[in-house]
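Single-structure report; data block below.
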Amino acid sequence: MNTTITDVAARDIIIERIMQRQRRARMTTALAYGFGLILVAWSIQVTVIDDTDWARMGSFGQVMETAGQFIGLDFALFADLLHPTIETLMIACLGTLLGVIMCVPAAWFGAMNITPFKPVTYPLARAMMTLSRSIHEIVWALFFVSAVGLGAMAGIFAIAVRSVGFIAKMSAEAIENIDHGPVDAIRATGANEFQVMLYAILPQILPQVLGVVIFEWEINIRRSAILGLVGAGGLGLVFFRQMNTFNFHGVMSVIVAILFLILIGEMISHWARKAVI
Amino acid sequence: MNVAMQTNPKLTWSRFKYPDSLIRYGAWLGLAVFLGYSVDYLNIPLDRIFGMFGRMGDTLANRYYPPDIDYIMDVEYFGYVVETLQMAYLGALFGLILTIPLGWFGSHNMTPSKIFVYPIARAITMSCRAVHEMIFAIIFVAILGYGMLPGVLALTFFCTGFAGKLFAEEIEAIDMGPVEAMRATGANLFQIMLFAVFPQVRVALTGIAIYTWDVAFRAATVVGFFGAGGMGWYLKRNVLQIETERVAAILVSIIVLVAISEVVSAWARNRVMKMK
Numbered sequence: 356m357n358t359t360i361t362d363v364a365a366r367d368i369i370i371e372r373i374m375q376r377q378r379r380a381r382m383t384t385a386l387a388y389g390f391g392l393i394l395v396a397w398s399i400q401v402t403v404i405d406d407t408d409w410a411r412m413g414s415f416g417q418v419m420e421t422a423g424q425f426i427g428l429d430f431a432l433f434a435d436l437l438h439p440t441i442e443t444l445m446i447a448c449l450g451t452l453l454g455v456i457m458c459v460p461a462a463w464f465g466a467m468n469i470t471p472f473k474p475v476t477y478p479l480a481r482a483m484m485t486l487s488r489s490i491h492e493i494v495w496a497l498f499f500v501s502a503v504g505l506g507a508m509a510g511i512f513a514i515a516v517r518s519v520g521f522i523a524k525m526s527a528e529a530i531e532n533i534d535h536g537p538v539d540a541i542r543a544t545g546a547n548e549f550q551v552m553l554y555a556i557l558p559q560i561l562p563q564v565l566g567v568v569i570f571e572w573e574i575n576i577r578r579s580a581i582l583g584l585v586g587a588g589g590l591g592l593v594f595f596r597q598m599n600t601f602n603f604h605g606v607m608s609v610i611v612a613i614l615f616l617i618l619i620g621e622m623i624s625h626w627a628r629k630a631v632i
Numbered sequence: 042m043n044v045a046m047q048t049n050p051k052l053t054w055s056r057f058k059y060p061d062s063l064i065r066y067g068a069w070l071g072l073a074v075f076l077g078y079s080v081d082y083l084n085i086p087l088d089r090i091f092g093m094f095g096r097m098g099d100t101l102a103n104r105y106y107p108p109d110i111d112y113i114m115d116v117e118y119f120g121y122v123v124e125t126l127q128m129a130y131l132g133a134l135f136g137l138i139l140t141i142p143l144g145w146f147g148s149h150n151m152t153p154s155k156i157f158v159y160p161i162a163r164a165i166t167m168s169c170r171a172v173h174e175m176i177f178a179i180i181f182v183a184i185l186g187y188g189m190l191p192g193v194l195a196l197t198f199f200c201t202g203f204a205g206k207l208f209a210e211e212i213e214a215i216d217m218g219p220v221e222a223m224r225a226t227g228a229n230l231f232q233i234m235l236f237a238v239f240p241q242v243r244v245a246l247t248g249i250a251i252y253t254w255d256v257a258f259r260a261a262t263v264v265g266f267f268g269a270g271g272m273g274w275y276l277k278r279n280v281l282q283i284e285t286e287r288v289a290a291i292l293v294s295i296i297v298l299v300a301i302s303e304v305v306s307a308w309a310r311n312r313v314m315k316m317k
């Protein structure tokens, strides 16, 4: 254990280097936080302070008074809410079902390992998924209302197209992660592509995909509750009407109905996902 | 296995667990009845479905097709895009700040009081999740007037609901060892949260935050539809003026922006997960 001067010098250099690295890391963190804070300040300045019509809003008390108008329920409305609530639920169910049917080709083309012709079908399917997920359901509903007319059908199509992306993406990922043993085994018996899919791939991904579908169905209930805002039927239409006639208690009644519907949906989906997995 | 083979010599392979059972056919029948009933209940004109696709194609080709790209290549429009980004950023930030106490109180292993605080936190998270961001936007516009503040608030509530559940689940999945150790030293609730829980969920929380921002941006593009500022307001204006080619251009810009944000968020999440 005879420490020479060069050892000590080397150790000092190493310590110095570690400290330097730490200092640099701390600087980076501080810079990142500073940048984030500036971004927040700038965003608040632009969006909240400059863009708000403070004079129209009035004092805090006045805002609270306006908000207070919403507190309370219009009990007379609940009888009329039954029909739209069932309608909303049905739009969600049918939309999810149609979405599942539409996602079969998308998932097939979008899974790297079974896509029929990689350079064309894979990017095509991926583009379809992104398209479906990036456009909001309101915009889809607007488009379908202009294409097929007012009513529940536009809502069903909007929900279906909107949910294709997520279901197809998750299914494609499930397909990409399958065990290839069964696929090879079924193919070795001389099965064609369709049979391979039916007997080797589908049984492996079914529980996962069903879980995703149930999850999406739950989300679709909350989506279908607002499609009526642009004329696609369901609770949204009642909401819009109550809002435009300034019946704020009626608005709250509609929200209670939506909450009730979603509570039921959440319970069913909780139970169904347990049954599937 | 052997005993089963002997007592059951006619074991045959079948694809389904319960083949030919009444339950299976009953389920299919129930589905068919439900389908028929709901088509009838919703008054869906079945005869129009077949002509619909042609009409949809016509609508797309004739009215939406050449997207008016010049319209969105504009400084004013770019300003709106930046505003949308800011709205999403602030909404996600405020939502995440609200999420931290809600996730803490709403996780059944860390909540300070299971009888009192837990159900309240759960109920708040659930109602934020249940009510669509559009409904929040409309109500806040009604209360606060047009502008971006109602948009930010609507996105805040939306993000609270979205991230609150994920965060609570993340806290419920932690290792309770450090918590017990901290508790044994006599640490109070905040200290346990700060030194035992937070280090375990830090990475997951960062991932959730990035994901929330991505989702918030997606919602922010249309929150303006009912008067809450950003690109949605632009979209609404052109929809009302039936400027379908401009609408198409705006939709193209939304798709491109969402695709970019998705790629960025996936990259950032991957990096964060690697740091674990």
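Protein sequence lines, in the order shown, are assigned to chains V and F. In terms of my numbering, the first sequence opens at residue 356 and continues consecutively. In terms of my numbering, the second sequence opens at residue 42 and continues consecutively. C-beta atoms are modelled at their ideal positions from N, C-alpha and C, and glycine is treated no differently.
Apart from the five residues on each side of it in sequence, which residues of its chain come closer than 6 Å, Cβ to Cβ, to residue i?
{"i": "glycine 427 of chain V", "result": "His604"}
{"i": "tyrosine 105 of chain F", "result": "Thr285 and Ala289"}
{"i": "alanine 245 of chain F", "result": "Glu211"}
{"i": "aspartate 367 of chain V", "result": "none"}
{"i": "alanine 431 of chain V", "result": "none"}
{"i": "phenylalanine 344 of chain V", "result": "This structure gives no information on residue 344 of chain V, because the portion of chain V shown stretches from 356 to 632."}
{"i": "isoleucine 179 of chain F", "result": "Phe267"}
{"i": "cysteine 458 of chain V", "result": "Val519, Ile522 and Ala523"}
{"i": "leucine 449 of chain V", "result": "Ile511"}
{"i": "valine 263 of chain F", "result": "Gly273"}
My output table needs one value for residue i: the three-state DSSP class, helix, strand or coil.
{"i": "threonine 544 of chain V", "result": "coil"}
{"i": "valine 44 of chain F", "result": "Low per-residue confidence applies at valine 44 of chain F: pLDDT is 47, beneath 50, and the placement is therefore not dependable enough to give any value."}
{"i": "alanine 587 of chain V", "result": "coil"}
{"i": "glycine 520 of chain V", "result": "helix"}
{"i": "asparagine 84 of chain F", "result": "coil"}
{"i": "glycine 536 of chain V", "result": "helix"}
{"i": "valine 313 of chain F", "result": "helix"}
{"i": "serine 62 of chain F", "result": "coil"}
{"i": "methionine 484 of chain V", "result": "helix"}
{"i": "asparagine 103 of chain F", "result": "helix"}
{"i": "glutamine 400 of chain V", "result": "helix"}
{"i": "threonine 600 of chain V", "result": "coil"}
{"i": "threonine 407 of chain V", "result": "coil"}
{"i": "phenylalanine 570 of chain V", "result": "helix"}
{"i": "methionine 622 of chain V", "result": "helix"}
{"i": "phenylalanine 472 of chain V", "result": "coil"}
{"i": "isoleucine 610 of chain V", "result": "helix"}
{"i": "aspartate 109 of chain F", "result": "coil"}
Would you kindly work out how many angstroms separate the C-alpha atoms of residue i and residue j, rounded to a whole number?
{"i": "glycine 566 of chain V", "j": "arginine 488 of chain V", "result": "19 Å"}
{"i": "glycine 188 of chain F", "j": "valine 611 of chain V", "result": "27 Å"}
{"i": "valine 585 of chain V", "j": "glycine 270 of chain F", "result": "18 Å"}
{"i": "leucine 479 of chain V", "j": "asparagine 532 of chain V", "result": "21 Å"}
{"i": "glutamate 174 of chain F", "j": "glycine 591 of chain V", "result": "13 Å"}
{"i": "isoleucine 632 of chain V", "j": "proline 562 of chain V", "result": "6 Å"}
{"i": "threonine 421 of chain V", "j": "valine 606 of chain V", "result": "14 Å"}
{"i": "alanine 540 of chain V", "j": "isoleucine 511 of chain V", "result": "40 Å"}
{"i": "histidine 438 of chain V", "j": "alanine 447 of chain V", "result": "14 Å"}
{"i": "tryptophan 69 of chain F", "j": "isoleucine 456 of chain V", "result": "16 Å"}
{"i": "arginine 170 of chain F", "j": "arginine 542 of chain V", "result": "45 Å"}
{"i": "alanine 225 of chain F", "j": "phenylalanine 199 of chain F", "result": "38 Å"}
{"i": "alanine 387 of chain V", "j": "arginine 312 of chain F", "result": "16 Å"}
{"i": "leucine 11 of chain F", "j": "glycine 583 of chain V", "result": "Residue 11 of chain F cannot be examined here, being either before or after the span of chain F that is shown, 42 to 317."}
{"i": "glycine 536 of chain V", "j": "valine 475 of chain V", "result": "27 Å"}
{"i": "methionine 46 of chain F", "j": "threonine 140 of chain F", "result": "Low confidence applies to methionine 46 of chain F: its pLDDT is 47, below 50, so where it sits in the model is not reliable, and the reading given next is rough at best. Going by the C-alpha atoms only, they are around 57 Å apart."}
Can you name, in chain order, every residue of its own chain whose Cβ lies under 7 Å from the Cβ of residue i, other than the five neighbours on each side?
{"i": "arginine 163 of chain F", "result": "Gly147"}
{"i": "glycine 144 of chain F", "result": "Gly205, Phe208, Ala209 and Ile212"}
{"i": "threonine 544 of chain V", "result": "none"}
{"i": "alanine 466 of chain V", "result": "Ala527, Ile530 and Glu531"}
{"i": "glutamate 124 of chain F", "result": "Met189, Gly270 and Gly271"}
{"i": "glutamine 424 of chain V", "result": "Phe603"}
{"i": "phenylalanine 433 of chain V", "result": "Ser608"}
{"i": "threonine 247 of chain F", "result": "Val313"}
Shorter than 6 Å, the distance from the beta carbon of residue i to the closest heavy atom of the ligand MN, or not?
{"i": "valine 551 of chain V", "result": "Among the components modelled here there is no ligand, and therefore nothing to report on the ligand MN."}
Near residue i, what residues of its chain come up, given a Cβ to Cβ distance below 8 Å and the 5 sequence neighbours on each side ignored?
{"i": "leucine 616 of chain V", "result": "Thr440, Thr443, Leu444, Ile576, Ala580 and Leu590"}
{"i": "valine 304 of chain F", "result": "none"}
{"i": "leucine 436 of chain V", "result": "Leu590, Val593, Ser608, Val609 and Ala612"}
Any alpha helix (DSSP H) of 4 or more consecutive residues that is wholly inside the region 211 to 296 of chain F: Counting only runs of 4 or more, we get 218 to 225, 230 to 233, 239 to 264 and 272 to 281.
Could you name each continuous alpha helix (DSSP H) segment of 4 residues or more that falls completely within the region 148 to 224 of chain F, going from the start of the chain to the end? The DSSP assignment places 158 to 171, 174 to 185 and 189 to 213 as complete runs of the alpha helix (DSSP H) inside the region 148 to 224 of chain F, in order along the chain (cut-off: 4 residues).
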